[in-house]
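Visitor: Residue numbering for the sequence shown follows my numbering, starting at 9 and increasing by one per position. First, the structure itself, so that you have it in front of you.
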Amino acid sequence: MEYAKLFRKTDILSNDVAKKAEVELNETPERRATSLQELRDLLDSGLCSDCSRDQQISEHFCGTSDLFLFGFLRAKKYDVQKAYELLESYLKFREKYPDLTSELSLDSVRPALERGYPRVLPARDNQGRIVFLFSIGSWDAAEVPFDDVMRAYIYLLEVLLENAENQVSGFVIVENFHQYTLSQAMSLKPSDLQKMVSMLQGAFPIRFKGVHFLYQPWYFSWTYALVRPFMKTKMTERVHIHGSNLEKFHQALDPCTLPPDFGGNGPELSPIEMITLLEKNGEL
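The structure is reproduced here in structure tokens:
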């Protein structure tokens, strides 16, 4: 089962990924040890701090695993202070959007995942990245509300971040706008889109390496105009708008790995295999 490699909970890096972590993230065994201790010291000091916010952060994260904290250190290239600030942003997101983040479980997001909102490629791409696929043109918000889609994304991200190679190599999102309707474009609220952007930039210890839009109609520009003000420069530089010309997209992602509805010649992609694996993992 190919998904097993993506969702396996492990802090072990292959030699190739360990080298990538060293080159891209300044990660060495020595830095891992010292930076983790510095971050834990910051969290411990918050317990007796006069600052109530530091106390909240410490109480929330002191009992978390090394693997969890390494995700924040890797996301900030082992800058301990920035990793601490990302922990605070992660907590703020949960406080601001409790409906998205509380009581997450496979059963709570199953209806969205069964409809493919989103799907995940069963193998990493040629750069080792996790690839999310979302066919927004076939999404019916009356059937699966926007917040349910967001909860499904967040659930998957939380599970995938329990794998060190996913933390290092990062994630890519591909959105297919084929059959995206004018009424869909007009129904999306800026507040909903802001939630999505907040998730992508600064609320999770995630290295988002690219966002690709395919087959977008002319009125997609309305949606993007709503999103763009919330996006940092770094994120806008990683957005790629392809339309129906997928030549550059296929340079980024091998079409042999992509299902036909995403311009590939790989096999059809059913979410059932992934859901079955997540069920088995939950029984362990």
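Quick reminder that beta carbons are idealized off the backbone N, C-alpha and C, glycines included.
1. Report the residue from 23, 235, 180 whose alpha carbon sits nearest the alpha carbon of residue 218.
2. Quick check on residue 42: buried or exposed, where buried means 16 or more other Cβ atoms within 10 Å of its Cβ?
3. Rounded to whole angstroms, how far is the Cβ of residue 54 from the Cβ of residue 45, which I believe are closer than 8 Å?
4. Enumerate, from N- to C-terminal direction, the unbroken alpha helix (DSSP H) stretches of 4 or more residues contained entirely within the stretch 83-131.
5. Three-state secondary structure (DSSP) at residue 18?
6. Exposed or buried, residue 71, counting other C-beta atoms within 10 Å across all chains shown (16 or more means buried)?
7. Is the separation between the beta-carbon of residue 185 and that of residue 225 shorter than 8 Å?
8. Leaving out five residues on either side along the sequence, give the residues of the same chain with a beta carbon under 6 Å from the beta carbon of residue 81.
9. Of the residues 282, 256, 215, which one's Cα is nearest the Cα of residue 136?
10. Identify whether residue 143 lies in helix, strand or coil by the three-state DSSP scheme.
11. Let me know if residue 230 comes out buried or exposed under the rule of 16 or more other beta-carbons within 10 Å of its beta-carbon.
12. If you measure from the CB of residue 254, is any heavy atom of the ligand MN nearer than 7 Å?
13. Compare the Cα-Cα distances from residue 156 to each of 134, 115, 24 and report the closest residue.
14. What residue range is occupied by the uninterrupted alpha helix (DSSP H) comprising residue 27?
15. Thinking residue 86 and residue 212 are a contact (beta carbons under 8 Å), I'd like their distance in whole angstroms, please.
16. Where do the N-terminal and C-terminal ends of the beta strand (DSSP E) with residue 249 fall, by residue?
17. Could you pull the DSSP bridge partners for residue 181 from this structure?
18. Considering only residues of the same chain and omitting the five flanking positions on each side of residue 235, which have a CB-CB separation below 7 Å?
Guide: Inspection of the coordinates gives the following:
1. Checking every option, the nearest Cα to that of residue 218 belongs to 180.
2. By the 10 Å Cβ count, residue 42 comes out exposed.
3. About 15 Å; that fails the 8 Å criterion.
4. The alpha helix (DSSP H) runs lying completely inside the stretch 83-131 and spanning 4 residues or more are 88-104, 106-109, 114-122, given in chain order.
5. Three-state DSSP puts residue 18 in a strand.
6. Burial state of residue 71 is exposed, judged by a 10 Å Cβ sphere holding fewer than 16 other Cβ atoms.
7. Taking 8 Å as the Cβ cut-off, residue 185 and residue 225 qualify as a contacting pair.
8. Counting only Cβ-Cβ distances below 6 Å, and skipping sequence neighbours, we find 43, 91.
9. Each of 282, 256, 215 was checked against the Cα of residue 136, and the nearest Cα belongs to 215.
10. Of the three classes helix, strand and coil, the one that applies to residue 143 here is strand, per DSSP.
11. Label assigned to residue 230: exposed.
12. Of ligands this structure carries none, so the ligand MN is not represented either.
13. Distance from the Cα of residue 156 is smallest, within the candidate group 134, 115, 24, for 115.
14. Unbroken alpha helix (DSSP H) run through residue 27: 23-33.
15. Not really, about 18 Å apart at Cβ, beyond 8 Å.
16. For residue 249, the uninterrupted beta strand (DSSP E) segment begins and ends at 247-251.
17. Residue 181 is bridged to 140, 219.
18. So the qualifying residues of the chain are 201, 205.
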